[in-house]
Amino acid sequence: MRDFSSDHSWLSLNTATVRKQGDLLQIIDACARHGIRAIDPWRDQVAAVGLDRAVRAVRDAGLELSGYCRGGMFTSDASRRGEVRDDNRRCVDEAKALGAPCVVLVVGGLPQYSRPGSEASKDIVAARGQIEEALADMLDYAKQAELPLAIEPLHPAYAADRACVNTTKQALDICDRLDPARSGMLGVALDVYHIWWDPELMDQIARAGKDRLLAFHVCDWLVPTRDILNDRGMMGDGVIDIKSARAAVEAQGFAGYSEIEIFSNDWWGRPMDEVLRTCIERHKTVV
Numbered sequence: 001m002r003d004f005s006s007d008h009s010w011l012s013l014n015t016a017t018v019r020k021q022g023d024l025l026q027i028i029d030a031c032a033r034h035g036i037r038a039i040d041p042w043r044d045q046v047a048a049v050g051l052d053r054a055v056r057a058v059r060d061a062g063l064e065l066s067g068y069c070r071g072g073m074f075t076s077d078a079s080r081r082g083e084v085r086d087d088n089r090r091c092v093d094e095a096k097a098l099g100a101p102c103v104v105l106v107v108g109g110l111p112q113y114s115r116p117g118s119e120a121s122k123d124i125v126a127a128r129g130q131i132e133e134a135l136a137d138m139l140d141y142a143k144q145a146e147l148p149l150a151i152e153p154l155h156p157a158y159a160a161d162r163a164c165v166n167t168t169k170q171a172l173d174i175c176d177r178l179d180p181a182r183s184g185m186l187g188v189a190l191d192v193y194h195i196w197w198d199p200e201l202m203d204q205i206a207r208a209g210k211d212r213l214l215a216f217h218v219c220d221w222l223v224p225t226r227d228i229l230n231d232r233g234m235m236g237d238g239v240i241d242i243k244s245a246r247a248a249v250e251a252q253g254f255a256g257y258s259e260i261e262i263f264s265n266d267w268w269g270r271p272m273d274e275v276l277r278t279c280i281e282r283h284k285t286v287v
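Residue 126 in UniProt numbering is what sits at position 126 of the sequence shown, and the numbering runs on without skipping anything.
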């Protein structure tokens, strides 16, 4: 396993971690100040400053990307499926322009939550089928752009509203069906917040192998967790054995960034520089 204790060259900042403290341009400037060399921006943050401006800012700061958040939210009623398709194709185009190595996919839950205004449904089996069908279409488009797609399994608490793909096994089963040749164009983004509890995790990481391990995200699970969405912990403040998870993905050959992604009302209330200094210190000591 790589030694992160002496520097933070393999730290990437998911820009949601400090989204309340500044816009994307301010976050990029802060990363440059702190010697953080990679980011994973969110589409709404890019849209707020404009894609062309975001591309220039990333380039001028000498930053790399560890991913692009997020595509997906595939489930909707029939009248909106063309809209969903077009939106995901735009996501691929944006990621390509920014130089992202992959698009991170949060696949969606029940239609009324994934795409508000859609007809309500409780049929999670149908939702999963629709996700796979829409993902196959997006994969065809992504292949033309040579832009890999990374399915992110989310904790089961998010099955209704954000993602009804909830385990690494589920995500890899989809990869097997849609990309049996293991082309490198479809894989997984593994966030320890969502997968740490899974008794099959280590076996599934081994099953994924290097070609399907496209991104690795870190934060921590607090006890108690006051808000399932916006109370993630800074690494080291919770119960996740982050180093064991990183050792497992690196044993398969993953050599990319450890991306810090923290949705936290607590950390959003602190100055950006304080958050980034803490991320760097925990990256060296905990991750």
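Every residue gets a Cβ at the ideal spot worked out from N, C-alpha and C, and that includes glycine.
| task | With DSSP as the reference, please indicate the residues paired to residue 231 in a beta bridge. | result | For residue 231, which the question treats as bridged, DSSP gives the partners 264.
| message | In the DSSP assignment, the alpha helix (DSSP H) including residue 155 goes from what residue to what residue? | response | Neither: residue 155 is in no alpha helix (DSSP H) and is coded neither H nor E.
| Residue from 79, 245, 250, 234 with nearest C-alpha to residue 112 | When only C-alpha atoms are compared, the closest one is 79.
| task | Measuring alpha carbon to alpha carbon, tell me which of 37, 43, 87, 44 ends up nearest residue 63. | result | The candidate whose alpha carbon is nearest that of residue 63 is 37.
| message | What does the Cβ neighbour count give for residue 177, buried or exposed, with the cut at 16 atoms within 10 Å? | response | By the 10 Å Cβ count, residue 177 comes out exposed.
| request: Give me whichever residues DSSP pairs with residue 38 in a beta bridge. | output: Answer by DSSP bridge pairing, in chain order: 12, 64.
| query | Three-state secondary structure (DSSP) at residue 85? | reply | In this structure, residue 85 counts as helix in the three-state DSSP scheme.
| query | Cβ atoms of residue 74 and residue 131: under 8 Å apart, would you say? | reply | Contact: yes.
| So, residue 216 versus residue 239, is the Cβ gap smaller than 8 Å? | No, the pair does not count as a contact, with Cβ atoms beyond the cut-off.
| request: Kindly list the residues whose CB is nearer than 6 Å to the CB of residue 202, restricted to its own chain and excluding five residues on each side of it in sequence; keep chain order. | output: Excluding positions up to five away in sequence, the list reads 248.
| said: What does DSSP give as the partner residue(s) for residue 132 in the beta ladder? | reply: Under DSSP, residue 132 takes part in no beta bridge, so it has no partner.
| said: Give me the DSSP bridge partner(s) of residue 103. | reply: Residue 103 pairs with 68, 149.
| request: Measure the CB-CB distance between residue 198 and residue 225 and report whether it falls below 8 Å. | output: Cβ atoms of residue 198 and residue 225: not closer than 8 Å.
| Based on Cα-Cα distance, which residue from 222, 27, 182 lies nearest to residue 54? | Comparing Cα-Cα distances from residue 54 to each of 222, 27, 182, the minimum goes to 27.
| Collapsed DSSP secondary structure at residue 222 in the structure displayed | Three-state result, residue 222: coil.
| said: Pull the bridge partners of residue 187 from the DSSP assignment, please. | reply: In the DSSP output, where bridge partners are listed per residue, residue 187 has 150.
| field | Spatially closest choice to residue 70 from 152, 10, 51, by CA coordinates | value | It is 152.
| Can you tell me the Cα-Cα spacing of residue 266 and residue 233, whole angstroms? | Roughly 9 Å between the two C-alpha positions.
| task | Give the secondary structure of residue 244 by DSSP, where H, G and I count as helix, E and B as strand, and everything else as coil. | result | Helix at residue 244.
| C-alpha distance - residue 6 paired with residue 35, whole-angstrom precision | Computed Cα separation, rounded: 13 Å.
| field | Residues that DSSP places opposite residue 258 in a beta bridge | value | Answer by DSSP bridge pairing, in chain order: 11, 216.
| query | With respect to the alpha helix (DSSP H) encompassing residue 19, which residues constitute its N-terminal and C-terminal limits? | reply | Premise fails: residue 19 is in no alpha helix (DSSP H) and is neither H nor E.
| said: According to DSSP, is residue 160 part of a helix, a strand, or is it coil? | reply: Here residue 160 sits in coil by DSSP.
| query | Taking the alpha-carbon positions, what's the residue 147 to residue 65 distance? | reply | Cα atoms of residue 147 and residue 65: separation of roughly 13 Å, rounded to the nearest angstrom.
| query | If you count every other CB in all the chains shown that lies within 10 Å of the CB of residue 183, and 16 or more means buried, which is it? | reply | That one is exposed.
| query | residue 15: which of 29, 4, 2 sits nearest, CA to CA? | reply | Considering only alpha carbons, the answer is 29.
| query | Which of the three DSSP states, helix, strand or coil, is assigned to residue 269? | reply | In this structure, residue 269 counts as coil in the three-state DSSP scheme.
| If you run the structure through DSSP and keep just helix, strand and coil, what is residue 108? | Note: residue 108 maps to strand in three-state DSSP.
| field | Residue span of the alpha helix (DSSP H) that contains residue 75, given as start and end | value | Residue 75 -> no alpha helix (DSSP H), and no H or E assigned at all.
| query | Alpha carbon to alpha carbon, what distance is there between residue 181 and residue 270? | reply | Approximately 46 Å, taken between the alpha carbons.
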